[in-house]
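Engineer: The structure that follows is given in the form of structure tokens.
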Amino acid sequence: MISPPAPTLKRTLSPFLLWGLGVGYVISGMYFGWNLGLEQGGSGGLAIATCFIIVLYTTFTFSYAELAAAIPKAGGAFDYAFRALGSDLGFIAGMAQNIEFIFAPPAIAFAIGAYFNLFFPEIPVRAIALFAYILFTSLNIYGVKAAAMFELFITLFAVGELLLFTGVTLPHFEWSHIRHNAFPHGWQGILASIPFAIWFFLGIEGVANVAEEVHRPQRTLLLGFGSAILTLVVLCILIFLSSIGVAGWEAVVYRSDGKTSDSPLPLALAHITGNNHLLYHLLITVGLFGLVASFHGLILSAGRATYEFGKVKFAPEFLGKIHPRFKTPSNALLVNMAIGMIALLSGKTDQVITLSVFGALTLYILSMVSMLRLRRNEPSLPRPFRVPLYPIFPVVALVISVLSIIAMTIYNFELALFYLTLLVFSYGFFKLVTRRRTS
343 MISPPAPTLK RTLSPFLLWG LGVGYVISGM YFGWNLGLEQ GGSGGLAIAT CFIIVLYTTF
403 TFSYAELAAA IPKAGGAFDY AFRALGSDLG FIAGMAQNIE FIFAPPAIAF AIGAYFNLFF
463 PEIPVRAIAL FAYILFTSLN IYGVKAAAMF ELFITLFAVG ELLLFTGVTL PHFEWSHIRH
523 NAFPHGWQGI LASIPFAIWF FLGIEGVANV AEEVHRPQRT LLLGFGSAIL TLVVLCILIF
583 LSSIGVAGWE AVVYRSDGKT SDSPLPLALA HITGNNHLLY HLLITVGLFG LVASFHGLIL
643 SAGRATYEFG KVKFAPEFLG KIHPRFKTPS NALLVNMAIG MIALLSGKTD QVITLSVFGA
703 LTLYILSMVS MLRLRRNEPS LPRPFRVPLY PIFPVVALVI SVLSIIAMTI YNFELALFYL
763 TLLVFSYGFF KLVTRRRTS
């Protein structure tokens, strides 16, 4: 008797839905997180770091689009490195990708709780965050098209709200606020603020992880990546200038009690409208859409990355199973939710962000090395899209990524050791399981 074919991922995503995912994955970085870099580098230090990071993401995104179009698989960087560099470095790339996508959502969930808590202070921040995890993991289990349509809807609201914010704040912009105390820690502040500059764009590469679920992946991935990165660069510049230009960088970092805040945009707007104005409450309400967009989108992408790891048996095999009814990687989504909740309960938003950035930079480095290697070793590999100005784009992305991870290690040495320990222990487990399976 012939057994029925195993469930597979469905191709249901269009370029517009992919744009919604690409912008949605990242847009929470405009609402919170980046302002913590101001404490490290000031407006000048973070601005310089952000300029370098914009170059990184522009060159990286178009290089990554070539890989995603040539190898449209759900594993993203894992599949590219596996093919170009072998199973060992493929595992490291996949593990780094999992760390990025699993540890970014807890930081965003905490920010969702912080924003929501402004309306309902009687509900604990962590309780709201945990509820958000359960709700949006369930939506992702239900189906990718429903998840992507929801993502597009809230992303459009979030982009509109950011444009409204800049429209209200830019008339009050003053260059003196940008120049004031611009380098509180000198040039070293530029290096220390790098993780928070990366947070502006972290997650855009997640678009590649739904490559198996898009119509005409070669064309759609190019359009999705290109339009998303252009939108995000424009929003990044607008939000940076309009929020700091109102009252200086300290005003969007510190609350009235002197503690750092996860809500920089409401702090900036309060200097114009006060805390009880309709626009202030509208910002908080719609601002939740931006946070939810990234939270929900990264959960989706993390599920695909973990699913691919289990599918090829680089992780426990049950993670690579597809739900027979919903055709989604339900096991991977549930395990990621459990890990994210544990990270969330730690309450260390800045460290969780930094850990996620370590994973992202490792992914970027190995992806660019993979692209250069594939160009040399597999010149006949069909490449419906080729990165412009090759090899300048991938080499620039590679160099900036290497310099960034070195700088982050210097200024976050203990966290770098923790990240390295995660990689070493997981790699050791991988080799042990592989050796037993071979035997």
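Residue 343 is where the sequence shown starts when you use the working numbering, and the numbers rise one by one after that. Ideal placement from N, C-alpha and C gives every residue a C-beta, glycine not left out. Just so you know, these numbers come straight off a predicted model, no measurement behind them.
1. With DSSP collapsed to three states, give me the class of Thr670.
2. According to DSSP, is Tyr732 helix, strand or coil?
3. What span of residues does the alpha helix (DSSP H) with Asp421 cover, start to end?
4. Hey, quick one: how far does the alpha helix (DSSP H) through Asn482 stretch, first residue to last?
5. What residue does the alpha helix (DSSP H) around Phe404 start on, and which one ends it?
6. Rounded to a whole number of angstroms, what is the C-alpha to C-alpha distance between Pro346 and Lys663?
7. Report buried or exposed for Ala423, applying the criterion of at least 16 other Cβ atoms within 10 angstroms of its Cβ.
8. Going by DSSP, what residues sit across from Thr602 in a beta bridge?
9. Specify, as a first and last residue, the run of the alpha helix (DSSP H) that Trp541 falls within.
10. Please classify Trp517: does DSSP put it in a helix, a strand, or coil?
11. Decide if Glu516 is buried, meaning its Cβ has at least 16 other Cβ atoms within 10 Å, or exposed.
12. On a Cα-Cα basis, can you pick out the residue from Gln530, Ala391 and Glu408 that is closest to Leu564?
13. Among Val510, Met683 and Gly384, which residue has its Cα nearest to the Cα of Ile476?
14. Assign Val766 to one of two classes, buried (16 or more other C-beta atoms within 10 Å of its C-beta) or exposed (fewer than that).
15. By the 10 Å Cβ neighbour count, where 16 or more other Cβ atoms means buried, how is Val677 classified, buried or exposed?
16. Tell me the rounded alpha-carbon separation between Leu380 and Pro537.
17. Have a look at Lys690 and Ser709 and give me their C-alpha separation to the nearest angstrom.
18. Please report the residue range of the alpha helix (DSSP H) in which Arg646 lies.
19. Does DSSP put Phe772 in a helix, a strand or coil?
20. Using the C-alpha atoms, what's the distance from Phe499 back to Val510?
21. Let's see if you can read the secondary structure: which residues bound the alpha helix (DSSP H) around Ser370?
22. Would Tyr367 and Gly568 qualify as a contact pair, given that the criterion is a beta-carbon distance under 8 Å?
23. When the Cα of Gly371 is compared with those of Gly436, Ile450, Gly386 and Glu442, which residue comes out closest?
24. Give the DSSP-derived three-state secondary structure of Trp529 in the structure shown.
25. Do Ile369 and Gly632 have their C-beta atoms within less than 8 Å of each other?
26. Which residue's Cα is closest to the Cα of Phe478: Ser672, Ile540 and Ile434?
27. Apply the 10 Å Cβ neighbour rule to Val595 and answer buried if 16 or more other Cβ atoms are within range, or exposed otherwise.
28. Taking 7 Å as the limit between beta carbons, can you name the residues of its chain near Ala456, skipping five residues before and five after?
29. Whose CA, out of Leu574, Pro526 and Pro513, lies closest to the CA of Phe542?
30. Are the beta-carbon atoms belonging to Phe651 and Asn440 less than 8 Å from one another?
31. Please report the straight-line C-alpha distance between Val737 and Leu398, rounded to a whole angstrom.
32. Consider the Cβ of Ile748: report whether some Cβ of chain C lies at a distance smaller than 8 Å.
33. Whole angstroms is fine: what's the gap from Ile707's alpha carbon to Glu464's?
34. What's the call for Pro721, buried or exposed, on a 16-neighbour Cβ count within 10 Å?
35. Would you call the CB atoms of Leu687 and Leu757 closer than 8 Å?
Structural biologist: Answer, in terms of the structure:
1. Along the sequence shown, read from residue 1 onward, the residue named residue 670 stands at position 328. Correct three-state label for Thr670: coil.
2. Position 390 of the sequence shown, counted from the start, is the residue given in the question as residue 732. Of the three classes helix, strand and coil, the one that applies to Tyr732 here is coil, per DSSP.
3. The residue given as residue 421 occupies position 79 in the sequence shown. Taken as a continuous stretch (DSSP letters only), the alpha helix (DSSP H) holding Asp421 covers Ala419 to Leu427.
4. For the purposes of this step, residue 482 is taken as the residue at position 140 of the sequence shown. Asn482 -> alpha helix (DSSP H) spans Val467 to Tyr484.
5. Residue mapping note: residue 404 aligns to position 62 of the sequence shown, counting from 1. Segment Leu378 to Ala412, the alpha helix (DSSP H) holding Phe404.
6. Here residue 346 refers to the residue found at position 4 of the sequence shown. Here residue 663 refers to the residue found at position 321 of the sequence shown. Residue placement at Pro346 cannot be trusted, given a pLDDT of 44 that sits under 50; the coordinates are not used to answer.
7. As a working mapping, residue 423 is identified with position 81 in the sequence shown. So Ala423 ends up on the buried side.
8. The residue labelled residue 602 in the question sits at position 260 within the sequence shown. BP columns for Thr602 point to Tyr596.
9. Reading the sequence shown from its first residue, position 199 is the one you call residue 541. Note, Trp541: alpha helix (DSSP H), Ile536 to Trp541.
10. What you label residue 517 is simply residue 175 of the sequence shown in a count that begins at 1. Trp517: helix per DSSP, three-state reduction.
11. Sequence index remark: in the sequence shown, residue 516 carries index 174 (1-based). Glu516 comes out exposed.
12. Looking up residue 564 in the sequence shown gives position 222. Residue Glu408 is the option with its Cα nearest to Leu564.
13. Residue 476 sits at position 134 when you count from the first residue of the sequence shown. Minimum Cα distance to Ile476 is reached at Met683.
14. As a position in the sequence shown, residue 766 is number 424, starting the count at 1. Classification of Val766: exposed, given that the 10 Å Cβ count is below 16.
15. What you label residue 677 is simply residue 335 of the sequence shown in a count that begins at 1. Label assigned to Val677: buried.
16. The sequence position of residue 380 within the sequence shown is 38, counting from 1. The sequence position of residue 537 within the sequence shown is 195, counting from 1. So the two alpha carbons sit approximately 11 Å from each other.
17. As a working mapping, residue 690 is identified with position 348 in the sequence shown. As a working mapping, residue 709 is identified with position 367 in the sequence shown. Cα to Cα, the separation comes out at about 29 Å.
18. As a position in the sequence shown, residue 646 is number 304, starting the count at 1. Note, Arg646: alpha helix (DSSP H), Leu620 to Lys653.
19. On the sequence shown, position 430 is the one that residue 772 refers to. Correct three-state label for Phe772: helix.
20. To locate residue 510, count along the sequence shown from 1; it is residue 168. To locate residue 499, count along the sequence shown from 1; it is residue 157. For Val510 and Phe499, the distance between alpha carbons rounds to 17 Å.
21. The count along the sequence shown starts at 1 and reaches residue 370 at position 28. Here the alpha helix (DSSP H) through Ser370 covers Ser370 to Tyr373.
22. On the sequence shown, position 25 is the one that residue 367 refers to. On the sequence shown, position 226 is the one that residue 568 refers to. For Tyr367 and Gly568, no; Cβs fall outside 8 Å.
23. Counting from 1 along the sequence shown, the entry for residue 371 is found at position 29. Comparing Cα-Cα distances from Gly371 to each of Gly436, Ile450, Gly386 and Glu442, the minimum goes to Ile450.
24. On the sequence shown, position 187 is the one that residue 529 refers to. Looking at Trp529 - three-state DSSP - the assignment turns out to be coil, as it is neither helix nor strand.
25. Counted from its first residue, the sequence shown places residue 369 at position 27. Counted from its first residue, the sequence shown places residue 632 at position 290. Yes, the pair counts as a contact, with Cβ atoms nearer than the cut-off.
26. Locating residue 478 in the sequence shown gives position 136, where the first residue counts as 1. For Phe478, the nearest C-alpha among the options comes from Ser672.
27. What you label residue 595 is simply residue 253 of the sequence shown in a count that begins at 1. Val595 should be labelled buried.
28. Taking the sequence shown and counting its residues from 1, one reaches residue 456 at position 114. The answer, listed in chain order, is Val467, Asp604 and Ser605.
29. Locating residue 542 in the sequence shown gives position 200, counting from the first residue. Residue Leu574 is the option with its Cα nearest to Phe542.
30. Stepping through the sequence shown from its first residue, residue 651 is reached at position 309. Stepping through the sequence shown from its first residue, residue 440 is reached at position 98. Against a cut-off of 8 Å, the Cβ pair of Asn440 and Phe651 comes out as a contact.
31. Counted from its first residue, the sequence shown places residue 737 at position 395. Counted from its first residue, the sequence shown places residue 398 at position 56. Roughly 10 Å between the two C-alpha positions.
32. This model lacks chain C altogether, as it is built from one protein chain only.
33. Counting from one through the sequence shown, the residue named residue 707 turns up at place 365. Counting from one through the sequence shown, the residue named residue 464 turns up at place 122. Distance between the alpha carbons of Ile707 and Glu464: 45 Å.
34. To locate residue 721, count along the sequence shown from 1; it is residue 379. Exposed.
35. For the purposes of this step, residue 687 is taken as the residue at position 345 of the sequence shown. For the purposes of this step, residue 757 is taken as the residue at position 415 of the sequence shown. The answer is no: Cβ separation not under 8 Å.
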